[in-house]
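Q:
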Amino acid sequence: MIEFPYPSGAGLHVGHPRSYTALDIIARKRRMEGYNVLYPIGWDAFGLPTENFAIKNKVHPKIVTAKNIANFTRQLKMLGFSFDWSREINTTDPSYYKWTQWIFLQLFKHGLAYKQEMPINWCTGCKVGLSNEEVVNGVCERCGSEVVQKRKSQWMLKITEYAQRLIDDLDDVNYLEKIKTQQKNWIGRSEGAEVKFKLSTGDEMIVYTTRADTLFGATYTVMSPEHPLIEKMKDSITNYDEVLAYKTEAAKKSEFERTELAKEKTGVKLEGIYAVNPANGAKLPVFISDYVLVTYGTGAIMAVPAHDSRDWDFAKKFNLPIIEVVSGGKNVQEEAYTDVYKGNMVNSEFLNGLPVKEAIPTMIEWLEKQGLGKRKVNFKLRDWVFSRQRYWGEPIPLVHCDKCGWVPIPESELPLELPEIETFEPGENGESPLAKAYDWIETTCPCCGGKAQRETDTMPQWAGSSWYFLRYMDPHNDEALASKEALEYWSPVDWYNGGMEHTTLHLLYSRFWHKFLYDIGVVPTKEPYMKRTSHGMILGENAEKMSKSRGNVVNPDEVVEEFGADAFRTYEMFIGAFDQSTPWSQQGLKGCYKFL
Ligand SMILES: [Zn+2]
Ligand SMILES: [Zn+2]
4 MIEFPYPSGA GLHVGHPRSY TALDIIARKR RMEGYNVLYP IGWDAFGLPT ENFAIKNKVH
64 PKIVTAKNIA NFTRQLKMLG FSFDWSREIN TTDPSYYKWT QWIFLQLFKH GLAYKQEMPI
124 NWCTGCKVGL SNEEVVNGVC ERCGSEVVQK RKSQWMLKIT EYAQRLIDDL DDVNYLEKIK
184 TQQKNWIGRS EGAEVKFKLS TGDEMIVYTT RADTLFGATY TVMSPEHPLI EKMKDSITNY
244 DEVLAYKTEA AKKSEFERTE LAKEKTGVKL EGIYAVNPAN GAKLPVFISD YVLVTYGTGA
304 IMAVPAHDSR DWDFAKKFNL PIIEVVSGGK NVQEEAYTDV YKGNMVNSEF LNGLPVKEAI
364 PTMIEWLEKQ GLGKRKVNFK LRDWVFSRQR YWGEPIPLVH CDKCGWVPIP ESELPLELPE
424 IETFEPGENG ESPLAKAYDW IETTCPCCGG KAQRETDTMP QWAGSSWYFL RYMDPHNDEA
484 LASKEALEYW SPVDWYNGGM EHTTLHLLYS RFWHKFLYDI GVVPTKEPYM KRTSHGMILG
544 ENAEKMSKSR GNVVNPDEVV EEFGADAFRT YEMFIGAFDQ STPWSQQGLK GCYKFL
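Add 3 to a position in the sequence shown, counting from 1, and you land on the number used in this note's numbering.
(1) Assuming GLY467 and THR94 make a contact with CB atoms under 8 Å, what is their CB distance in whole Å?
(2) Around ligand 1, what residues have a beta-carbon under 6 Å from a heavy atom of it, in chain order?
(3) Any chance the CB of LYS70 is under 7 Å from a heavy atom of ligand 2?
(4) Can you tell me the Cα-Cα spacing of THR446 and TRP158, whole angstroms?
(5) DSSP on ARG145, reduced to helix/strand/coil?
(6) Who are the near neighbours of ARG391 in its chain, counting only those whose CB is closer than 6 Å to its CB and skipping five residues on each side?
(7) Whole angstroms is fine: what's the gap from GLU488's alpha carbon to VAL150's?
(8) Spatial neighbours of TYR9 within its chain, please: C-beta separation below 6 Å, excluding the five flanking residues on both sides.
(9) Using C-beta distances below 6 Å, list every residue in its chain close to TYR178, excluding the 5 sequence neighbours before and after it, in chain order.
(10) Apart from the five residues just before and just after THR341, which ones in its own chain have a Cβ nearer than 8 Å to its Cβ?
(11) Can you round the beta-carbon distance between ILE182 and LEU169 to whole angstroms, since I take them to be within the 8 Å contact cut?
(12) Let's test the definition: count the other Cβ atoms within 10 Å of the Cβ of GLN104 and tell me whether it reaches 16, buried, or not, exposed.
(13) Could you tell me if the beta carbon of ALA253 falls within a distance shorter than 7 Å of some heavy atom in ligand 2?
(14) Let me know the secondary structure DSSP gives GLU445 once reduced to three states.
(15) Could you check which residue in THR222, ASN55, PHE472 and GLN456 has the C-alpha nearest to that of TYR532?
(16) Specify the secondary structure class of GLU137 as computed by DSSP and reduced to three states.
(17) Say the cut is 7 Å; is the CB of LYS272 nearer than that to a heavy atom of ligand 2?
(18) If you count every other CB in all the chains shown that lies within 10 Å of the CB of TRP88, and 16 or more means buried, which is it?
(19) Would you decide whether THR217 is buried or exposed? Buried here means 16 or more other CB atoms lie within 10 Å of its CB.
(20) Could you pull the start and end residues of the beta strand (DSSP E) that ASN322 belongs to?
(21) By the DSSP assignment, the beta strand (DSSP E) with PRO411 in it spans what residues?
(22) Within the segment 540-564, note down every full alpha helix (DSSP H) run reaching 4 residues or more, in order along the chain.
(23) Compare the Cα-Cα distances from PRO97 to each of PHE566, CYS146, LYS439 and ASP481 and report the closest residue.
(24) How about GLY614: is its Cβ closer than 7 Å to a heavy atom in ligand 2?
(25) Do you know how far the Cα of LYS268 is from the Cα of PHE321?
(26) Tell me whether VAL410, by its Cβ, gets closer than 7 Å to a heavy atom of ligand 2.
(27) In its own chain, which residues sit with a C-beta less than 6 Å from the C-beta of GLN456, not counting the 5 before and 5 after it?
(28) Are VAL225 and PHE290 touching if we call contact CB-CB under 8 Å?
(29) Please say whether VAL380 and GLU565 have beta carbons closer to each other than 8 Å?
(30) Closest by CA to ILE43, which one among ARG31, VAL562, PRO586 and PRO52?
(31) Select from PHE86, ARG90 and ARG34 the residue whose C-alpha is nearest the C-alpha of ARG474.
(32) Within 10 Å of its beta-carbon, does VAL329 have 16 or more other beta-carbons around it, so buried, or fewer, so exposed?
(33) Apply the 10 Å Cβ neighbour rule to MET35 and answer buried if 16 or more other Cβ atoms are within range, or exposed otherwise.
(34) I'd like the list of long-range same chain contacts for VAL563, defined as Cβ closer than 8 Å, with 5 residues on each side in sequence excluded.
(35) Please state the DSSP three-state secondary structure of SER513.
(36) Which residue's Cα is closest to the Cα of LEU51: TRP493, LEU323, SER537 and TRP395?
Here's what the structure looks like:
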């Protein structure tokens with residue numbers, strides 16, 4: 004199976020057929036060997052580019068989508084792929100998104116979907132909230148605009164509940180090693196401890212650390228500016244104005260800016276309070292600094308400047324003591340899984356002389372005995388921000404009732420179709436365009452029969468693609484997303500090829516949904532795909548990414564017009580190593596044409 008395309012207005016890119024041709028060859032070979040092969044195609048058709056085009060040109064996204072799909076279909080047929088067109092699916096078709104909504108309702112009913120106000124990544128260009136996976140190097144992966152933090156109430160999916168299984172079950176699948184590594188690093192499992200630091204206010208600050216052994220070297224502590232304890236302690240903090248001003252500045256920065264290693268360290272000391280080091284009773288200053296994020300660990304850290312480069316920079320800047328506790332160990336608090344556990348403990352009372360590997364469990368046991376801490380596994384992975392304040396997506400099938408809270412609509416009312424509206428612009432503050440569809444919003448509560456309002460956020464583009472491979476197995480079923488028999492016969496997908504850039508997005512999301520569907524008895528396998536490979540990009544002749552602005556785009560229509568589909572496909576298969584990026588060459592294409 005290939006990743007189904009997003010039908011953009013630009014038409015097929017010459018990069019698409021590279022993957023399609025390769026898997027088409029496999030499909031044809033297997034058919035000739037006597038296998039019953041499913042090689043399907045469909046459209047991942049909700050999403051922003053279509054919506055933005057619709058806004059600009061004042062046409063309905065539905066019309067834009069239909070037009071784009073017609074063009075993609077023409078191009079794919081022109082290239083002669085052996086897709087099974089009788090199983091064609093379209094994520095924007097209500098008979099398809101009925102089941103996307105159905106899965107969302109099951110997630111909600113199992114406590115895996117919840118709404119929460121939280122700081123989110125906000126794209127200043129698309130005026131839309133982004134998941135962490137969609138922010139690349141501090142900018143929006145889609146439009147390249149700056150991403151800032153904004154507080155918004157969002158639907159979240161608890162992918163974190165599956166973090167351990169998403170790592171463990173990689174052992175059972177045949178993915179390229181680099182794909183497994185990328186997913187594991189993204190999930191970011193670490194083993195450590197939560198340690199309690201008593202504060203002079205009587206409050207308790209919980210700190211997460213992978214290096215409990217270095218506790219005697221902790222000379223100060225740092226809280227995230229958003230840590231809830233700060234407001235609670237405001238009467239004890241004598242420089243609260245300064246603290247608030249810093250907090251406001253920090254809110255403007257993206258997570259990427261805040262955590263960049265090279266960045267100049269900033270922070271404010273909380274005057275009037277201190278923390279107590281649970282190992283030796285030392286009074287430690289408490290700072291807030293933007294490099295500590297409220298969403299990772301517990302939102303507070305103990306700083307061990309002798310053995311952590313960021314803590315070192317901070318300590319130097321604020322003139323704080325630096326105590327070495329591991330001899331011969333430097334910067335040992337780098338990522339836990341890099342395994343830099345060298346050296347022996349010094350300046351650490353009962354730990355002195357122990358190698359680091361023994362000192363960690365010894366300290367954790369001591370903390371547990373004192374009631375000052377506990378063992379804890381932590382993940383970098385966060386819950387998945389699952390709402391968009393946009394029109395062109397699946398409506399979230401819930402209503403809000405003042406008495407009953409969030410209530411699912413009855414499954415018999417699915418699909419909940421998008422209402423017809425006039426304009427598709429989001430509000431200035433990012434309200435969903437659906438907020439203007441008053442007749443659609445006002446409804447009755449399925450629970451108490453009173454007045455209720457529909458959710459106006461829609462699902463992100465990643466929703467429909469999280470389960471589409473299942474629909475191919477039984478695309479016209481009205482009773483279920485697919486029948487048991489079809490799922491037993493076809494699943495799991497034997498071979499799935501797609502872009503490396505989807506490794507921590509679509510590939511991870513769909514594994515999560517699939518595991519959930521397995522848990523509730525809908526699908527027969529724990530993993531959706533047995534094998535995953537990835538193709539390299541096709542670049543322009545100048546070895547840069549193809550784009551209109553660079554003027555290096557090759558149009559498949561023109562290639563086929565002049566050289567034919569056979570030469571085109573042959574060339575793409577001989578262009579270079581399949582998993583590597585490679586530039587287009589008109590000379591190479593001509594060579595294949597002459598050869599044929
Ligand atoms: Zn954007
Ligand atoms: Zn109600």
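For glycine and all other residues, C-beta sits at the position ideal for the given N, C-alpha and C.
A: Quick answer:
(1) Position 464 of the sequence shown, counting from 1, holds the residue named residue 467. Position 91 of the sequence shown, counting from 1, holds the residue named residue 94. With 8 Å as the limit, GLY467 and THR94 qualify as a contact, their Cβ atoms being about 3 Å apart.
(2) CYS126, GLY128, CYS129, CYS143, ARG145, CYS146 and SER148
(3) Counting from one through the sequence shown, the residue named residue 70 turns up at place 67. No; taking the cut-off as 7 Å, the Cβ of LYS70 has no heavy atom of ligand 2 nearer than that.
(4) Your numbering for residue 446 matches position 443 in the sequence shown. Your numbering for residue 158 matches position 155 in the sequence shown. Within the model, the alpha-carbon separation for THR446 versus TRP158 is close to 20 Å.
(5) Mapped onto the sequence shown, residue 145 falls at position 142. It is coil, neither helix nor strand.
(6) Reading the sequence shown from its first residue, position 388 is the one you call residue 391. So the list reads VAL131, THR461 and PRO463, once near-sequence residues are dropped.
(7) Residue 488 sits at position 485 when you count from the first residue of the sequence shown. Residue 150 sits at position 147 when you count from the first residue of the sequence shown. Their backbone Cα atoms lie some 46 Å apart in a straight line.
(8) The count along the sequence shown starts at 1 and reaches residue 9 at position 6. Contacts found: ASP47.
(9) As a first step, residue 178 must be located in the sequence shown, where it is residue number 175. Cβ neighbours of TYR178 beyond the five flanking positions: ARG535.
(10) Within the sequence shown, the letter at position 338 stands for residue 341. Model confidence at THR341 stands at a pLDDT of 37, short of 50, so the residue's coordinates are unreliable and nothing is read from them.
(11) As a first step, residue 182 is located in the sequence shown; it is residue number 179 there, counting from the start. As a first step, residue 169 is located in the sequence shown; it is residue number 166 there, counting from the start. No, ILE182 and LEU169 are not in contact; Cβ-Cβ is about 13 Å, not under 8 Å.
(12) Here residue 104 refers to the residue found at position 101 of the sequence shown. It is buried - the Cβ of GLN104 has at least 16 other Cβ atoms within 10 Å.
(13) Along the sequence shown, read from residue 1 onward, the residue named residue 253 stands at position 250. No; taking the cut-off as 7 Å, the Cβ of ALA253 has no heavy atom of ligand 2 nearer than that.
(14) Locating residue 445 in the sequence shown gives position 442, counting from the first residue. DSSP, reduced to helix, strand and coil, places GLU445 within a strand of the structure shown.
(15) Start at 1 with the first residue of the sequence shown, and residue 532 comes out as number 529. Checking every option, the nearest Cα to that of TYR532 belongs to PHE472.
(16) Position 134 of the sequence shown, counted from the first residue, corresponds to residue 137. In this structure, GLU137 counts as helix in the three-state DSSP scheme.
(17) Sequence index remark: in the sequence shown, residue 272 carries index 269 (1-based). No, the beta carbon of LYS272 sits no closer than 7 Å to any heavy atom of ligand 2.
(18) Start at 1 with the first residue of the sequence shown, and residue 88 comes out as number 85. Flag for TRP88 reads exposed.
(19) Taking the first residue of the sequence shown as position 1, residue 217 is located at position 214. THR217 should be labelled buried.
(20) For the purposes of this step, residue 322 is taken as residue 319 along the sequence shown, with counting starting at 1. Run containing ASN322: none; DSSP gives neither H nor E here.
(21) The residue you call residue 411 lines up with position 408 of the sequence shown. From DSSP, the beta strand (DSSP E) with PRO411 extends over 408-411.
(22) none
(23) If you number the sequence shown from 1, residue 97 lands on position 94. The option with the nearest alpha carbon to PRO97 is ASP481.
(24) Missing from the structure shown is residue 614; the chain here goes from 4 to 599 and no further.
(25) Counting from one through the sequence shown, the residue named residue 321 turns up at place 318. Counting from one through the sequence shown, the residue named residue 268 turns up at place 265. Looking at the two C-alpha atoms, the distance is approximately 9 Å.
(26) Taking the sequence shown and counting its residues from 1, the one referred to as residue 410 is at position 407. Checking every heavy atom of ligand 2 against the Cβ of VAL410, one is found closer than 7 Å.
(27) As a working mapping, residue 456 is identified with position 453 in the sequence shown. Closer than 6 Å at the Cβ level, and outside the excluded window around GLN456, lie HIS403 and ILE444.
(28) Counted from its first residue, the sequence shown places residue 225 at position 222. Counted from its first residue, the sequence shown places residue 290 at position 287. Contact: yes.
(29) Here residue 565 corresponds to residue number 562 of the sequence shown, with the count starting at 1. Here residue 380 corresponds to residue number 377 of the sequence shown, with the count starting at 1. No.
(30) Within the sequence shown, numbered from 1, the residue matching residue 43 stands at position 40. Note on identity: in this sequence residue 43 is Pro, with Ile being the wrong assignment. Selected option, being the one with the closest Cα: ARG31.
(31) Here the question's residue 474 lines up with position 471 in the sequence shown. Of the residues PHE86, ARG90 and ARG34, the one whose Cα lies closest to the Cα of ARG474 is ARG90.
(32) By 1-based counting over the sequence shown, the position of residue 329 is 326. Flag for VAL329 reads buried.
(33) Indexing the sequence shown from 1 puts residue 35 at position 32. MET35 comes out exposed.
(34) On the sequence shown, residue 563 is found 560 positions in, with the first residue counted as 1. These residues qualify, in order along the chain: MET81, LEU82 and PHE571.
(35) Position 510 of the sequence shown, counted from the start, is the residue given in the question as residue 513. In the structure shown, SER513 sits in a helix (DSSP, three-state: H, G or I).
(36) Here residue 51 refers to the residue found at position 48 when the sequence shown is read from its first residue. For LEU51, the closest C-alpha among the options TRP493, LEU323, SER537 and TRP395 is that of TRP395.
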